[in-house]
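Q: This is the structure, below, for whatever I ask next.
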Amino acid sequence: MPKKLAIFGSGSGSNAENICKYFSASSDIEVVLICTNKRDAFIVNRANKLNIPVYIFTKYELNNFTDLHKKLQSIDVDLVILAGFLLKLPTIMVDSYPNRIINIHPSLLPKYGGKGMYGSNIHKAVIENKETESGVSIHFVNQNYDEGEIILQEKCVISSNETVETLIQKIHKLEHNYFPVAIDKIVKKL
Ligand code: GAR
3 MPKKLAIFGS GSGSNAENIC KYFSASSDIE VVLICTNKRD AFIVNRANKL
53 NIPVYIFTKY ELNNFTDLHK KLQSIDVDLV ILAGFLLKLP TIMVDSYPNR
103 IINIHPSLLP KYGGKGMYGS NIHKAVIENK ETESGVSIHF VNQNYDEGEI
153 ILQEKCVISS NETVETLIQK IHKLEHNYFP VAIDKIVKKL
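Position in the sequence shown counted from 1, then plus 2, gives you this note's numbering.
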């Protein structure tokens, strides 16, 4: 039986699509559901095109974690993947899936993590602080924002003429190359 993944996202969903395509021919891993708190996010269009069921929920439903939990139980989810999901998970959800929730963060944690640090805010801060490198961190989710055990980190160099846009592209490339690899690694240990 393949291990079942549910991917959570709030935005464009390029990582979600990349993960779905990467494992589309796999007999070990299957993406069974895409979950979002934003019904008009582009991740929904991508899921529809990939023929993957979408579950849309409100912030209240996330925090209350009753219907969403039932949904995840009904599909027998093995691993929850946060790919650009921008709401903090409630304690009850984290406790229900210990070491079964993975997040990707577009910086070298613990640098540029925590509240308010997401998407282009991070890249802007990295460039303003004249960092010489940045990268991606893939980590387990625990009770504290961006502080769970690191599974994998990959770096990129910041060039002297780096802009937020060029850095987003560099980071996305790293994310698309390494997120499926990290998921594969974790699934093999389940
Ligand atoms: C990714 O860069 C991901 O690392 C970031 O949002 C982007 C989503 O892109 N996540 C965070 O900032 C979480 N704190 P995508 O929707 O194209 O996959």
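Heads up, the beta-carbon is just placed ideally off N, CA and C, and yes, glycines get one too.
Would you call Gly116 buried or exposed, if buried means 16 or more other Cβ atoms sit within 10 Å of its Cβ?
A: Result: exposed.
Q: With a threshold of 8 Å, are at least 3 pairs of Cβ atoms found where one atom belongs to the segment 6-23 and the other to the segment 44-58?
A: Output reads yes: the segment 44-58 touches the segment 6-23.
Q: Which residue's Cα is closest to the Cα of Arg48: Leu110, Lys23, Lys172, Pro182?
A: Comparing Cα positions, the closest option is Lys23.
Q: Would you grab the beta carbon distance between Ala8 and Val128 for me? Rounded to a whole angstrom, and I think it's under 8 Å.
A: The pair is not a contact, with the Cβ atoms about 30 Å apart (cut-off 8 Å).
Q: Helix, strand or coil: which one does DSSP assign to Tyr57?
A: If DSSP states are grouped into helix, strand and coil, Tyr57 belongs with the strands.
Q: Going by the beta-carbon positions, is the gap between His178 and Asn20 smaller than 8 Å?
A: For His178 and Asn20, yes; Cβs fall inside 8 Å.
Q: Name the DSSP beta bridge partners of Lys157, please?
A: Paired residues: Gly137.
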